[in-house]
Amino acid sequence: MLQVENLNAWYGRSHILQGIGFTVGQGEAVCLIGRNGAGKTTTLRTVMGLVARRTGAVRFKGEDIIGAPTHRRLGMGLAYVPEDRRIVRGLTVLENLRLGLVASPNRHKEAAVIDRIAETFPRLRERLHQAGDTLSGGEQQMLAIARALAADPEMIMLDEPSEGIMPVLVDEMFELFARLKREGLTILIVEQNVERALQLADRAYIVDQGEIVHSGLAADLMANPEIQEKYCAI
Amino acid sequence: MTFDLILLQIFTGVALGSIFVLVALGLSLIFGLLTIVNFAHSQFFMLGAYVGVAVLGLTGNFWVALLAVPLIVGAIGMVCERVLIRPLYGRGIDYPLLLTFGLGLIILELVRIVAGTEGIPFNTPEGLTGAMDLGVFFFPKYRLFLIAVTALILVALWVFLEKTPFGLIIRAGARDPEIVQVLGVDVSKVWLIVFGIGTGLAALAGVLAAPIRGVFPEMGVPVLVEAFVVTVVGGMGSLLGAVIAGLAVGITLSMTSLFYPEMTTLSMFVLMAVVLIFRPRGLFGRAGVLD
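Take a look at the structure:
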């Protein structure tokens, strides 16, 4: 589904990604783990075309999209939930959800999609007309995920979904991810909560200083505390 | 000094303010989304009046001119955005500022070359001449019409922004253009259309002001100052601020001209200074935009 080869990215003069490469197969869940500042978030942002200076290849469903403008990706089936959730201030929960639909192929069946979302996310259903930025952190994360799913993407990229969220909601969220995976959604997840991420994922890549330093089955990595210690300890 | 007279001046102020509201709305809409301080805005206002003269000359119909002017000038604005301004995105606020400043001068000179440096008379359209008896006083019909058109535009703009999918994109794009792109929206198209709407509003204000202010190449010059006073008082990027401040500035001017005519022009700057002292971001401005 997604093949990333020799990805390089720069912020100003600093060379953040130095030849990252990885693949995500259809229906697979893959996680990127590593320390803060290793380049995980930048990897997702570069795949989305949000980092101005970038080289390498990003093939999504066979097509190289590295040079394509950001907005083309959702229509191709690639959704992205950024690290800080990006709930739009001044918009209600419902309007934030609608924003996930306005430019998607689902825009003509808004009512049906909103109904379905309300079923999946009962916490949001009660708060549809509340301002989006008044929700709790966990609810905002749910809203960001719901908004990304509104377009029925084939693949979703999640950046630190558990960050700053109550443990109960983290459980709920990872159950949701597991269910989405069973339903065929391809997932690429960046997570500080390594244990959770490895439980969800089929395979994992460890990122350090802008490079992939290790890759393998999630189960193997889980059984290998030394590697986790070496690259993920804070 | 009677109550009637004060009321009359308030009405006059609202009519005057209507023009400010239309000009400032366009300016604020463009700033809110594109973060561009459009120094050519007042020349689009002037261009609106001249295109109005041209359309009126061709068709003889004021109503056709009123409809055609914002469309024609809005289209010209879109060409300017696409060709001149777009390459400057992401380079900071000063590049488009200098560019639009130059663009304004070019528009002004082109109009002088094409239409001459003399003013052109613009008659009040038939049916809107004379005054109407409002019970307490007589009020010029054309100024009532001006207030009505502005109110209509405000309602239309509100419905467009609050009730349509495109309005939703505009509101979200003003806050967070990045997430809007992630959600599949081509923001460069949104900016193009918003620039067209903004310049179209300026042009509409220009043709509406023509019967009152007259049509001459420099007619935009004071408007630029007035529009900036209004946007600074209302808060850069705030549409509600543009409306409230536009009317406030209009009423301030007309009331000062009643009580202390020598101070009329100065009064709006006093208002701006007072607002800036107590609230540097303007009445409805967002934090971090200018303070």
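Going down the list, the protein sequences come from chains A and B. Heads up: the first sequence begins at 22 in my numbering, then just goes up one per residue. Heads up: the second sequence begins at 480 in my numbering, then just goes up one per residue. Even glycine gets a Cβ: it sits at the ideal position worked out from N, Cα and C.
Problem - Rounded C-alpha distance that separates B:Leu-636 from B:Ile-572 - result: 26 Å
Handout entry: A:Ala-172: first and last residue of the uninterrupted beta strand (DSSP E) it sits in
Key = Careful: A:Ala-172 lies outside any beta strand (DSSP E) and carries neither H nor E.
Problem - Interface residues of the stretch 643-655 of chain B facing chain A [CB-CB below 7 Å] - result: Pro-644, Leu-647, Ile-648, Arg-650, Ala-651, Arg-654, Asp-655
Problem - Beta carbon proximity, B:Gly-767 to chain A, threshold 8 Å - result: Only weak support exists for where B:Gly-767 lies, its pLDDT of 48 falling under 50; the value from the coordinates is given anyway. It does not; no Cβ of chain A falls within 8 Å.
Handout entry: Contacts around A:Arg-93, its chain only, beta-carbon distance under 6 Å, and the 5 residues preceding and following it disregarded
Key = none
Practice task
Answer yes if the stretch 519-530 of chain B comes into contact with the stretch 684-695 of chain B, meaning at least three C-beta pairs across the two stretches below 8 Å, and no otherwise.
Solution key: yes
Exercise for the section: Using a cut-off of 9 Å between C-beta atoms, extract the partners of A:Gly-88 located in chain B. Expected result: By Cβ distance, chain B contributes nothing, its closest Cβ being about 15 Å from A:Gly-88, past 9 Å.
Exercise for the section: Could you pull out every residue in the same chain whose Cβ sits closer than 6 Å to the Cβ of B:Asp-770, ignoring the five residues on either side in sequence? Expected result: Low per-residue confidence applies at B:Asp-770: pLDDT is 40, beneath 50, and the placement is therefore not dependable enough to give any value.
Practice task
Give the secondary structure of A:Gln-47 by DSSP, where H, G and I count as helix, E and B as strand, and everything else as coil.
Solution key: coil
Handout entry: Whether A:Ile-138 touches A:Ala-169 by CB criterion (8 Å)
Key = no
Practice task
Measure how close the beta-carbons of A:Ala-30 and A:Arg-74 come, nearest whole angstrom, since I'm counting them as under 8 Å.
Solution key: 7 Å
Handout entry: Rounded Cβ spacing between B:Ile-729 and B:Phe-499 (contact assumed at less than 8 Å)
Key = Reading the sequence as shown, one finds Gly at residue 729 of chain B and not Ile. About 6 Å; that satisfies the 8 Å criterion.
Exercise for the section: Decide if A:Asp-180 is buried, meaning its Cβ has at least 16 other Cβ atoms within 10 Å, or exposed. Expected result: buried
Problem - Cutoff 8 Å: A:Ile-41 Cβ touching any chain B Cβ - result: no
Handout entry: Local Cβ density within 10 Å of B:Ile-756, reported as buried at 16 or more and exposed below that
Key = exposed
Problem - Against chain B: residues of the stretch 110-124 of chain A by CB proximity under 9 Å - result: Arg-110, Gly-111, Leu-112, Glu-116, Asn-117, Arg-119, Leu-120, Gly-121, Leu-122, Val-123, Ala-124
Exercise for the section: Would you check if there are 3 or more beta carbon pairs closer than 8 Å linking the stretch 185-205 of chain A to the stretch 23-43 of chain A? Expected result: no
Practice task
May I ask you to verify whether the stretch 53-65 of chain A touches the stretch 203-213 of chain A, counting CB pairs closer than 8 Å and requiring at least 3?
Solution key: yes
Handout entry: Between the CA atoms of B:Ile-672 and A:Gly-111 - distance to the nearest angstrom
Key = 22 Å
Practice task
Taking C-beta pairs closer than 9 Å, name the residues in chain B that A:Ala-103 reaches, listed in chain order.
Solution key: The residue asked about is misnamed: residue 103 of chain A is Pro in this sequence, not Ala. Within 9 Å Cβ-Cβ: Glu-657, Ile-658, Val-661.
Problem - Proximity winner among A:Arg-34, A:Gly-96, A:Lys-82, relative to A:Val-72 (alpha-carbon distances) - result: A:Arg-34
Problem - Residue from B:Phe-738, B:Arg-765, B:Thr-731, B:Ser-736 whose Cα sits closest to the Cα of B:Ala-753 - result: Here residue 753 of chain B is Val; the residue named in the question, Ala, does not match the sequence. Ranking the options by Cα distance to B:Val-753, first place goes to B:Thr-731.
Problem - Cβ neighbours of B:Leu-726 in the same chain (closer than 7 Å, five flanking residues each side left out) - result: Val-493, Gly-496, Val-500
Problem - Cα-Cα separation, B:Leu-703 to B:Gly-646 - result: 27 Å
Problem - C-alpha distance - A:Leu-23 paired with B:Leu-640, whole-angstrom precision - result: 37 Å
Practice task
May I ask you to report which of helix, strand or coil DSSP gives A:Gly-237?
Solution key: strand
Practice task
Note down the Cα distance separating A:Asp-136 from B:Val-659, rounded to an integer number of angstroms.
Solution key: 22 Å
Practice task
Report the option in B:Pro-701, B:Thr-608, B:Ala-724, B:Leu-550 whose CA atom is closest to the CA atom of B:Ser-507.
Solution key: B:Ala-724
Exercise for the section: Assign B:Met-558 to buried or exposed, taking buried as 16 or more other Cβ atoms, counted over all protein chains shown, within 10 Å of its Cβ. Expected result: For the sequence presented, residue 558 of chain B should be read as Val rather than Met. Result: exposed.
Handout entry: Where B:Gly-767 sits in the DSSP three-state scheme
Key = Interpretation of B:Gly-767 is limited by its pLDDT of 48, a score under 50 that renders its predicted location unreliable; the figure taken from the coordinates is listed afterwards. The answer is coil: DSSP assigns B:Gly-767 none of H, G, I, E or B.
Practice task
Measure the alpha-carbon distance for B:Gly-652 versus B:Ile-489 and round it to whole angstroms.
Solution key: 37 Å
Problem - Those runs of the alpha helix (DSSP H) which lie wholly inside the stretch 67-152 of chain A and span at least 4 residues - result: 93-97, 114-120, 131-141, 143-146
Handout entry: Beta-bridge pairing of B:Trp-542 - partner residues as DSSP gives them
Key = BP columns for B:Trp-542 are empty, so no partner.
Handout entry: Proximity test, Cβ basis, 8 Å: B:Val-664 and chain A
Key = yes
Handout entry: Under 9 Å by beta carbon: chain B residues contacting A:Met-69
Key = Gln-660, Val-661
Problem - Neighbourhood of B:Ala-528 by C-beta distance below 6 Å, restricted to the same chain and skipping five residues each side - result: Gly-685, Val-686, Ala-689, Val-694
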